[in-house]
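Notes to accompany the following structure.
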Amino acid sequence: MEHKPLLMGYWDNVVEPIDYTMGYKGMAVDVDLIDIPEEYNVIVASHHFKDTNDMYEIPIFVVRNKPDGEFKKQADHLTLKGQKVLYNLRGSYFDSYSWFCTKNYELGQNYLEEAVELVFNGINNIVDTYGISGICLDLERDIFDKKGNKLLIPATLKRIKDVYKREDKDFFICISSYFPDLCDDDKSLPYLAELEGYYDLVCTKLYGGEQVINGHKFNEIGDWISEIDDKQKEDFLYYMFNSLANGTNGFPKIPHDKLVMGLPATESAARKGYVKDPSAVLNALERLKQSGTPIRGLSAYSINWDAGEDKNFQPYSYEFMNRYKGIITPV
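Per the working numbering, the sequence shown starts with residue -6, numbered consecutively.
Here it is in structure tokens:
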């Protein structure tokens, strides 16, 4: 998949019932893995976890509506078609039960090798059992900073990547982060630097469920642009990813061909970040290309919302995919 433009989508194999009293304006729907359109060439399997109390052990991957073998068969089929299925590890799963965090003591160098081996075996088991092609790290900085995580996360993922490479196999690593967490002057996410040369994608998410409105000041125009400013949406998207590709405006420098723009699939999918006019996205992508920093592609939250319904029960009919599937045509 190297250098192939991509459309990535988060996906849950069982959608929980929507509580409309919480302010939702629509409904995500169940989509079987095998039925995900081929236009989504990277699929991030989310929310399939059962916590474990064992030190170093990762949350157990759980398939909730089919046997494990059937899930693997479907994932293998998608892989043959050129789609990758990644295992998503979200930060909320590490607050009390941690894969990367030792519970009872600080992780010292003497324990690192043992911990890496245990976590490596856990990931390898997930890959073998479910046909997973790699991992999407969706950790927040406070999780990364806990105890031995700064040592264990990079060491484990480097070991996996190196072992698979020696066996002539690929293990895909995606790092996913909300854009404010990437911009903190000289304190950018530490594992970006530690995993340089190892990660395949960095998905910068421009949406969220929290009430706080974020934005950024871009020196090129001398303006602070809000993430909810529809009139300046194209500029916001362009300058955000131009900054990331060049390491300017307080952002770390990330190779442009590894950058993915994360957006809500529909207006109902997130409190903010939805792009009403798709030309804002397409024009921003073209400007990045003309600037010599074309990014790798787009990511939708989520495939289930893309296939879902609005508040009037009208289907979205894969609005996001149909708007942007043209970007994945190789040029």
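C-beta: ideal position from N, C-alpha, C; glycine also.
Alpha carbon to alpha carbon, how far is residue i from residue j?
i: S169; j: C196; result: 5 Å
i: T72; j: E106; result: 32 Å
i: G115; j: L82; result: 13 Å
i: D250; j: N305; result: 39 Å
i: T286; j: D216; result: 22 Å
i: G240; j: P248; result: 9 Å
i: P271; j: I166; result: 28 Å
i: L100; j: L145; result: The pLDDT assigned to L100 is 48, lower than 50, so where the model puts this residue is not dependable, and the model offers no usable value.
i: I214; j: E302; result: 38 Å
i: S284; j: N235; result: 8 Å
i: S219; j: A108; result: 42 Å
i: G255; j: E110; result: 32 Å
i: Y33; j: G124; result: 17 Å
i: T122; j: G62; result: 7 Å
Excluding the five sequence neighbours on either side, which residues of its own chain have a C-beta within less than 7 Å of the C-beta of residue i, listed in chain order?
i: Q67; result: L26 and I27
i: P147; result: Y184, E187 and L188
i: A262; result: Y294, S295 and W298
i: Y171; result: K198 and G201
i: N276; result: E227
The alpha helix (DSSP H) spanning residue i covers which residue range?
i: D69; result: D61 to L73
i: V274; result: P271 to Q283
i: N81; result: Segment K77 to R83 is the beta strand (DSSP E) holding N81; no alpha helix (DSSP H) there.
i: R156; result: A small fix is needed here, since residue 156 is Val in this sequence, not Arg. Looking at the DSSP string, the run of the alpha helix (DSSP H) that includes V156 is N142 to R159.
i: F234; result: K226 to N239
i: L185; result: P183 to E187
i: D28; result: First-last for D28: undefined, no H or E at that position.
Which residue comes first and which comes last in the beta strand (DSSP E) that contains residue i?
i: S211; result: Before going further, note that residue 211 is Phe rather than Ser in the sequence given. Residues G208 to F211.
i: A38; result: V35 to A38
i: Y294; result: G290 to Y294
i: F165; result: F165 to Y171
Can you give me the Cβ contacts of residue i inside the same chain, cut-off strictly under 6 Å, excluding the 5 residues immediately before and after it?
i: V37; result: Y3, L79, N81 and C129
i: G319; result: none
With 16 as the cutoff for other CB atoms within 10 Å, does residue i come out buried or exposed?
i: V35; result: buried
i: K154; result: buried
i: Q307; result: exposed
i: V268; result: buried
Looking only at its chain, what residues have a beta carbon closer than 8 Å to the beta carbon of residue i, apart from the 5 residues adjacent to it on each side?
i: I288; result: F234, A238, H249, D250, L252, V253, M254, L278 and L281
The stretch 228 to 235 / the stretch 150 to 163 touching (three or more Cβ pairs under 8 Å): no
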